[in-house]
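Just below is one structure, and these are the notes that go with it.
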Amino acid sequence: MTLSTDYRCKKNGTKRRGADGNRESAMDNRKIDYFITKPMEIVSLAALGTIGNLAAFALPVIVGGLVDHMALDTRQAGFLGTAEMIGLGLGAMLFSGVILKVSWRKFALAAVLVIAAANMATPFANGLVTLYGARLLSGLGGGMLLALGAAGLSSTRTPERVIGSVAIASMLFAAVVLYGFPLLLKQAGITAMFFTIAGINLALSMLVATLPRKSPYIAALEASDAAGPPSATIGATQAKAQAATAAIERPGLLIGGSTLSGIFLFFTGAMAFWVYIERVGVAAAFATEHIARVLGLSQIFGALGALMAVLIATRLGNRLVPMGFCIVLA
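Okay, so the sequence shown: first residue is 984 according to the numbering used here, each after it adds one.
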């Protein structure tokens, strides 16, 4: 039996028992892998999780555009950026818990439509409350895609290498966005910028059909149940997978709390400055083109940092070395 999703389920034979035609699977040689292995599925998950958060990458430019083109002051525009990030965090947090239970294709389609609608509505919003709502929804959709991408990419055979590679690609993508969007904003205006964000997300909807239909772990268990009672070998494999999943879902208080606290502090510090970085350049009387170049170049250096982390972790097999190096460098 060959399954079309991201796990492999091989059955080397079956035998009949009894006159009623019931089957007992001879499954001792069957192997079930709870991984995403198809390249197109990995690419689609990476693209949706990265490009779907285009607005977050472009946040400094968006804040500057709101000030220059929609007559907001810097404080108001900064609050709109905060609303975007609150939506992103809420989306990732709320939907991470249900991602194993829903159709990934429908989930991704709903997310890109929410992002597209929110960005198309932003230039025509009347009043700050409506603007806040639009940016909150845009962030919420981005958080949904972030949760999906994290769940999918962590289900590959080499998640650290894959996620590290995606981080490099996302930095390079951000470099293009941060170089191009200030020029787009200057030449075509803020409506064109938000419509570009919406259009790119609508284009991403074409990748939805290439996603796994559901979590590979859940799909593999369902296929195993449908094939018949598992042998001792398969039962042991499932028990190990379930134990590993339980360990991930319920980490120790120290490890889980430290990890979440570290992520929270990192993004709090980074985004507090990131939102206003374009305004800092404007206040220093730099030209739009110069600001675009500096922002783009910063992401290229970020990609180099991600590459170094991947290489160090791959060669040394130790997370502490790149983590400690980055903490000291920061």
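Even for Gly, the Cβ is constructed at its ideal location relative to N, Cα and C.
A quick note: this is a predicted structure, and the numbers were derived from the prediction, not measured.
Within the stretch 1158 to 1192, the complete alpha helix (DSSP H) segments of 4 residues or longer fall at 1173 to 1187, listed in chain order. When C-beta atoms of the stretch 1143 to 1151 are compared with those of the stretch 1081 to 1091, fewer than three pairs fall below 8 Å, so the two segments do not count as touching.
By the CB criterion at 8 Å, alanine 1158 and glycine 1124 fall outside the cutoff. By the Cβ rule, the stretch 1100 to 1120 does not count as touching the stretch 1154 to 1168, because fewer than three pairs are nearer than 8 Å.
By the Cβ rule, the stretch 1176 to 1185 does not count as touching the stretch 1054 to 1074, because fewer than three pairs are nearer than 8 Å. Per DSSP, reduced to three states, the secondary structure at threonine 1139 is strand.
Among the bridge pairs identified by DSSP, isoleucine 1019 is matched with Thr1139. When the alpha-carbon of valine 1046 is set against those of Leu1290, Gly1264, Gly1126 and His1273, the nearest one is in Gly1264. Nearest Cα to isoleucine 1098 within the set Gly1132, Ala1133, Phe1178 and Ser1148: Phe1178.
Inter-residue distance for methionine 1053 and leucine 1071 is about 23 Å (C-alpha atoms, whole angstroms). Contact annotation: phenylalanine 1078 and glycine 1110 have beta-carbon atoms that are not nearer than 8 Å.
Put simply, of Ala1267, Arg1276, Thr1033 and Ala1266 the residue whose alpha carbon is nearest the alpha carbon of glycine 1147 is Thr1033. DSSP places arginine 1088 inside the alpha helix (DSSP H), whose first and last residues are 1087 to 1104. When DSSP states are grouped into helix, strand and coil, proline 1195 belongs to the coil group. Apart from sequence neighbours up to five positions away, the residues of its chain that approach alanine 1066 with a beta-carbon distance below 6 Å are Tyr1115, Arg1118 and Leu1119, ordered along the chain.
Taking 8 Å as the cut-off, the beta carbon of isoleucine 1173 is found no closer than this to the beta carbon of leucine 1037. Contact between isoleucine 1260 and glycine 1135 is ruled out by a C-beta separation of about 30 Å, above the 8 Å threshold. Secondary structure at leucine 1055: coil, using DSSP grouped into helix, strand and coil. With a 10 Å radius around the Cβ and a threshold of 16 neighbouring Cβ atoms, valine 1311 comes out exposed.
Here valine 1026 carries a helix assignment [DSSP, helix/strand/coil]. Residues of the same chain with a CB within less than 7 Å of the CB of alanine 1030, apart from the 5 flanking positions on each side, are Leu1187 and Leu1190 in chain order.
In terms of CA proximity to arginine 1262, Leu1278 leads the group Phe1247, Ser1121, Gly1252 and Leu1278. For leucine 1237, the secondary structure class from DSSP, reduced to helix, strand or coil, is helix.
Residue Leu1083 holds the alpha-carbon nearest to the alpha-carbon of serine 1198 among Asp1056, Leu1083, Leu1042 and Met1068. A direct Cα-Cα distance of roughly 10 Å separates leucine 1303 from alanine 1292. When the alpha-carbon of phenylalanine 1040 is set against those of Ala1266, Val1258, Leu1290 and Gly1288, the nearest one is in Val1258.
Of all alpha-carbon atoms in Ile1238, Leu1049 and Leu1028, the one lying nearest the alpha-carbon of alanine 1130 is that of Leu1028.
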